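Remarks on the structure that follows.
In the numbering used here, the protein residues as written are 1 to 821.
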């Protein structure tokens with residue numbers, strides 16, 4: 001094509017008009033949105049860039065070279081602004097520079113249609129120079145962000161004494177490894193030097209996934225236990241299964257037949273409990289059948305010496321023989337006990353046991369999940385202790401009636417709507433204490449009608465004496481919690497090093513991210529707990545505490561969000577998220593809930609640290625914690641508006657639908673002035689990209705003695721993240737949300753899945769670097785475990801998926817081992 005043709009029309013004219021129109025349209029969006037952002041107190045960049053883009057588009061459409069110069073100047077200013085605002089933060093530069101660079105490339109591509117003479121021949125060199133500059137900036141940013149600081153491991157570790165006979169070794173006898181719940185194993189066959197050879201050794205299937213997964217409720221979060229030559233686990237629908245530890249061959253299974261109507265918003269059995277009655281010393285009357293208990297002759301069941309016990313999604317305790325899976329006749333009625341007795345009316349799905357009961361001094365202690373956000377008078381959060389042999393109720397801790405430790409009278413119920421314990425407790429056999437991580441009252445985001453007892457015990461760790469059923473001490477992590485910051489993590493028992501010698505202690509982490517060290521005898525903090533000023537206001541200003549506790553030992557919580565922390569794939573995405581941020585109420589952590597506009601909750605209700613809990617290496621003296629770093633974007637919805645939307649509690653939906661409200665957006669909170677709309681992912685409505693810049697989760701190693709961070713790194717790749725919900729398949733470390741805990745071994749490895757990229761990883765505890773990984777067939781939202789069989793060390797993980805994390809659902813239990821005879 002000749003210069004004359006380029007100058008007089010034809011292809012050049014239409015190309016220039018098309019590109020100019022694109023620039024003008026993008027500029028118009030940025031101008032309007034940028035003005036909006038400026039009005040609400042945000043950055044002026046977007047409005048200025050938008051005006052410049054409109055001007056550049058007009059001149060380009062007219063085939064004037066001035067359009068190219070205007071955009072070139074805008075692009076240079078954009079690069080300088082981006083570096084001024086976020087420096088060499090690689091992920092933060094993506095929305096600021098990638099989109100503008102694409103436009104720069106388009107502008108340079110059409111430069112022959114705009115420039116004349118010698119300038120036309122120089123255009124490609126200018127384009128190459130701009131791309132080189134961008135690659136240099138992003139390359140430096142990637143280099144700066146690729147590494148992380150690593151401090152040497154402690155010279156002297158904490159005490160590694162066995163706190164009870166139920167601790168790890170060749171076996172993994174309890175959900176958290178042992179009664180100490182450290183998620184630590186002394187096995188050392190697999191090391192950083194040979195873990196690269198780790199292979200799948202066997203795969204077992206629970207075989208309980210329905211053909212139609214519906215709303216994806218069937219994610220399994222199971223951590224199996226191993227005793228002797230057998231593995232024991234529960235499936236997503238509470239089927240109890242025993243496997244050969246060496247081969248994965250199924251030995252037996254028992255299906256308690258949980259009705260589908262009782263499945264809450266997610267089916268989740270996280271583990272089972274092993275009990276050997278020969279090791280217990282129950283009172284004389286406990287070995288007699290309780291009143292109304294069926295006999296073996298009547299049921300065909302039998303007495304059990306060793307048994308596997310689980311809690312079910314319909315609120316039962318099930319005990320079966322560890323040898324053959326037959327129900328234990330000496331436990332309750334035909335091997336089961338209904339924990340809902342005394343709770344009054346219970347709508348199917350409102351009460352579910354999702355975590356394994358804790359066994360201490362022959363007493364099975366269980367709480368239950370009470371479906372969040374449904375109604376103010378939901379079933380009680382009562383904690384109950386049952387005789388592990390007979391299933392007889394030993395005591396009930398009802399915080400609304402602390403004077404009563406037995407069952408309520410026939411015409412009474414346990415106090416309704418009280419905080420529940422949905423996660424897993426820990427126990428000290430020597431002290432006879434069980435440590436209860438308590439949740440919130442039945443309605444999470446409204447507090448004006450809570451009783452003094454609810455205010456005292458919600459979001460607190462409570463020690464209860466299992467011999468009396470009485471509370472001994474409590475330690476509260478959040479005062480008058482209206483953020484769903486209940487305690488989700490199981491505490492870990494340690495002997496904490498002090499100048500005066502080791503002290504019996506426990507390590508507790510919260511959804512806010514604070515890590516506390518407490519004397520497990522008294523609840524007294526062994527590291528400094530300070531008070532921070534808390535934001536005031538919201539819909540209940542008189543209820544908000546002026547201060548909140550904060551741990552000076554270590555916190556997984558990140559600095560408060562700023563407007564510049566908003567993200568997206570383009571400047572338009574980021575601008576919209578900035579507008580949302582500026583229009584919301586946000587005063588830092590503990591921002592009070594609002595109804596006139598949304599408020600930002602950061603950390604979100606998924607943590608910090610959640611049910612996956614942390615791990616403790618007692619020999620090296622290291623705490624390992626994976627965590628989330630995500631905000632929620634919430635709003636209280638007035639009752640009249642919620643009613644008009646049809647937000648009703650479970651069991652009260654139109655037509656009597658028992659499936660009712662699921663946790664999150666649209667929780668009715670019946671009986672209060674407000675429902676709650678929780679945007680747990682805070683995404684752009686169009687591209688579905690998250691509004692906060694990466695990382696969204698990480699993993700950290702901490703010195704147990706000092707609380708000093710040894711290393712901290714993002715956890716999870718971007719391979720399942722991408723615009724419009726399309727996976728990018730890029731194995732770039734982004735740090736994803738995660739659910740499930742870590743396992744630490746004496747071999748110097750951390751095994752962790754949990755992330756949304758469906759990858760199982762081994763990390764060198766000394767360096768924090770990934771030294772092995774395997775892509776899973778489904779989401780790995782579970783905590784791994786390890787044991788030996790026939791002299792071989794196995795590492796086992798459930799790949800079951802998770803509804804909230806939106807990972808694929810599966811039913812595979814996968815065992816890994818080193819090759820060899």
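In this text, a Cβ means the ideal position worked out from N, Cα and C, and glycines have one as well. These numbers come from a predicted model, not from an experiment.
Exercise for review: State the Cα-Cα distance for the pair residue 540 and residue 584, rounded to the nearest angstrom.
Suggested key: As a working mapping, residue 540 is identified with position 540 in the chain shown. As a working mapping, residue 584 is identified with position 584 in the chain shown. Taking the straight line from one Cα to the other gives about 17 Å.
Exercise for review: Write down every uninterrupted run of the beta strand (DSSP E) in the region 590-621 whose length is 3 residues or greater and which is fully enclosed by it, in chain order.
Suggested key: 599-601, 615-617
Point to revise | beta strand (DSSP E) segment containing residue 234, residue limits | key: The residue you call residue 234 lines up with position 234 of the chain shown. 230-234 is the span of the beta strand (DSSP E), which, as asked, contains residue 234.
Exercise for review: Please name the residue, chosen from 177, 194, 272, 754, that lies closest to residue 606 on a Cα-to-Cα basis.
Suggested key: Indexing the chain shown from 1 puts residue 606 at position 606. The option with the nearest alpha carbon to residue 606 is 754.
Check your understanding: Does DSSP classify residue 643 as helix, strand or coil?
Key -> Start at 1 with the first residue of the chain shown, and residue 643 comes out as number 643. In this structure, residue 643 counts as helix in the three-state DSSP scheme.
Check your understanding: Do residue 866 and residue 27 have their C-beta atoms closer together than 9 Å?
Key -> No answer is possible for residue 866: it lies beyond the span of the chain, which begins at 1 and ends at 821.
**Study point:** Top-ranked residue by Cα proximity to residue 411, from 343, 152, 707
**Key:** Here residue 411 refers to the residue found at position 411 of the chain shown. The option with the nearest alpha carbon to residue 411 is 343.
Practice item. Tell me, please, which residues DSSP counts as bridged to residue 386. Key: For the purposes of this step, residue 386 is taken as the residue at position 386 of the chain shown. Answer is 364, 393.
Review point. What first and last residue would you give for the alpha helix (DSSP H) that runs through residue 46?
Key: On the chain shown, residue 46 is found 46 positions in, with the first residue counted as 1. Looking at the DSSP string, the run of the alpha helix (DSSP H) that includes residue 46 is 45-61.
Exercise for review: Note the first and the last residue of the continuous beta strand (DSSP E) segment covering residue 772.
Suggested key: Here the question's residue 772 lines up with position 772 in the chain shown. Segment 770-775, the beta strand (DSSP E) holding residue 772.
**Study point:** Per DSSP, cross-strand counterpart(s) of residue 271
**Key:** Within the chain shown, residue 271 is the residue found at index 271, counting from 1. Paired residue(s): none; residue 271 is not in a bridge.
**Study point:** Alpha carbon of residue 564 to alpha carbon of residue 85, nearest angstrom
**Key:** Residue mapping note: residue 564 aligns to position 564 of the chain shown, counting from 1. Residue mapping note: residue 85 aligns to position 85 of the chain shown, counting from 1. If you take the alpha carbons of residue 564 and residue 85, they lie about 7 Å apart.
Review point. Can the beta-carbon of residue 535 be found closer than 9 Å to that of residue 602?
Key: Indexing the chain shown from 1 puts residue 535 at position 535. Indexing the chain shown from 1 puts residue 602 at position 602. No, these two residues do not count as a Cβ contact at 9 Å.
Practice item. Whole angstroms is fine: what's the gap from residue 377's alpha carbon to residue 561's? Key: By 1-based counting over the chain shown, the position of residue 377 is 377. By 1-based counting over the chain shown, the position of residue 561 is 561. Approximately 36 Å between the Cα atoms of the pair.
Exercise for review: From the DSSP output, read off the bridge partner residues of residue 803.
Suggested key: For the purposes of this step, residue 803 is identified with residue 803 of the chain shown, where counting begins at 1. DSSP, once it has assigned bridges, lists no residue as partnering residue 803.
Practice item. Enumerate in chain order the residues of its own chain whose CB-to-CB distance from residue 188 is below 6 Å, with the five nearest sequence positions on each side excluded. Key: Here residue 188 refers to the residue found at position 188 of the chain shown. Closer than 6 Å at Cβ, skipping near neighbours: 746, 747.
**Study point:** Limits of the unbroken beta strand (DSSP E) element including residue 532
**Key:** Indexing the chain shown from 1 puts residue 532 at position 532. 529-533 is the extent of the beta strand (DSSP E) around residue 532.
Review point. Between residue 352 and residue 329, which are expected to be in contact by the criterion C-beta below 8 Å, what is the C-beta distance as a whole number of angstroms?
Key: Along the chain shown, one-based indexing puts residue 352 at 352. Along the chain shown, one-based indexing puts residue 329 at 329. Not a contact, Cβ separation roughly 26 Å.
Check your understanding: Excluding sequence positions up to five away, which residues of its chain have a Cβ less than 6 Å from the Cβ of residue 7?
Key -> Counting from 1 along the chain shown, the entry for residue 7 is found at position 7. Low confidence applies here, because residue 7 scores a pLDDT of 49, under 50, leaving its location unreliable; read the following figure in that light. Closer than 6 Å at Cβ, skipping near neighbours: no residue.
**Study point:** beta strand (DSSP E) runs contained entirely in the region 439-502, provided each spans 3 or more residues
**Key:** 460-465, 470-476, 492-496
Practice item. Thinking residue 728 and residue 722 are a contact (beta carbons under 8 Å), I'd like their distance in whole angstroms, please. Key: Here residue 728 refers to the residue found at position 728 when the chain shown is read from its first residue. Here residue 722 refers to the residue found at position 722 when the chain shown is read from its first residue. The pair is a contact, with the Cβ atoms about 4 Å apart (cut-off 8 Å).
Practice item. List the endpoints of the continuous beta strand (DSSP E) containing residue 435. Key: In the chain shown, the residue the question calls residue 435 occupies position 435. Taken as a continuous stretch (DSSP letters only), the beta strand (DSSP E) holding residue 435 covers 433-437.
Practice item. Drop a sphere of 10 angstroms on the beta-carbon of residue 14, count the other beta-carbons inside from all chains shown, and report buried for 16 or more, exposed for fewer. Key: Here residue 14 corresponds to residue number 14 of the chain shown, with the count starting at 1. Answer is exposed; the Cβ neighbour count stays below 16.
Practice item. Compare the C-alpha of residue 780 against each of 196, 222, 178, 205 and name the closest. Key: By 1-based counting over the chain shown, the position of residue 780 is 780. Selected option, being the one with the closest Cα: 222.
Review point. For the putative contact between residue 365 and residue 358, defined by C-beta atoms under 8 Å, what is the C-beta separation to the nearest angstrom?
Key: On the chain shown, residue 365 is found 365 positions in, with the first residue counted as 1. On the chain shown, residue 358 is found 358 positions in, with the first residue counted as 1. Confirmed, about 5 Å.
Check your understanding: Exposed or buried, what is residue 532 when buried is set at 16 or more other beta-carbons lying within 10 Å of its beta-carbon?
Key -> Along the chain shown, one-based indexing puts residue 532 at 532. Label assigned to residue 532: exposed.
Check your understanding: In whole angstroms, what separates the C-alpha of residue 153 from that of residue 758?
Key -> Reading the chain shown from its first residue, position 153 is the one you call residue 153. Reading the chain shown from its first residue, position 758 is the one you call residue 758. Spanning the two alpha carbons is a distance of roughly 29 Å.
Exercise for review: Measure the C-alpha to C-alpha separation of residue 182 and residue 751 and round it to an integer number of angstroms.
Suggested key: As a first step, residue 182 is located in the chain shown; it is residue number 182 there, counting from the start. As a first step, residue 751 is located in the chain shown; it is residue number 751 there, counting from the start. Those two C-alpha atoms are separated by around 14 Å.
Exercise for review: Over the uninterrupted alpha helix (DSSP H) stretch that includes residue 583, give me the two end residues.
Suggested key: Here residue 583 corresponds to residue number 583 of the chain shown, with the count starting at 1. Taken as a continuous stretch (DSSP letters only), the alpha helix (DSSP H) holding residue 583 covers 571-583.
Review point. What is the rounded straight-line gap between the Cα of residue 802 and the Cα of residue 209?
Key: The residue labelled residue 802 in the question sits at position 802 within the chain shown. The residue labelled residue 209 in the question sits at position 209 within the chain shown. For residue 802 and residue 209, the distance between alpha carbons rounds to 13 Å.
Check your understanding: Whose C-beta lies closer than 7 Å to the C-beta of residue 170 among residues of the same chain, with five residues either side of it excluded?
Key -> If you number the chain shown from 1, residue 170 lands on position 170. Taken in chain order, the residues that qualify are 787, 788.
Review point. Distance, Cα to Cα, residue 312 vs residue 150?
Key: On the chain shown, residue 312 is found 312 positions in, with the first residue counted as 1. On the chain shown, residue 150 is found 150 positions in, with the first residue counted as 1. Roughly 43 Å between the two C-alpha positions.
Check your understanding: In three-state DSSP terms, what is residue 566?
Key -> By 1-based counting over the chain shown, the position of residue 566 is 566. Residue 566: strand per DSSP, three-state reduction.
**Study point:** Residue range of the alpha helix (DSSP H) that includes residue 23
**Key:** Locating residue 23 in the chain shown gives position 23, where the first residue counts as 1. Residue 23 -> alpha helix (DSSP H) spans 11-39.
Point to revise | Residue environment, residue 207, which counts as buried when at least 16 other CB atoms sit within 10 Å | key: Your numbering for residue 207 matches position 207 in the chain shown. By the 10 Å Cβ count, residue 207 comes out exposed.
**Study point:** Bounding residues of the beta strand (DSSP E) (the contiguous stretch that carries residue 750)
**Key:** Within the chain shown, numbered from 1, the residue matching residue 750 stands at position 750. Its beta strand (DSSP E) spans residues 749-752.
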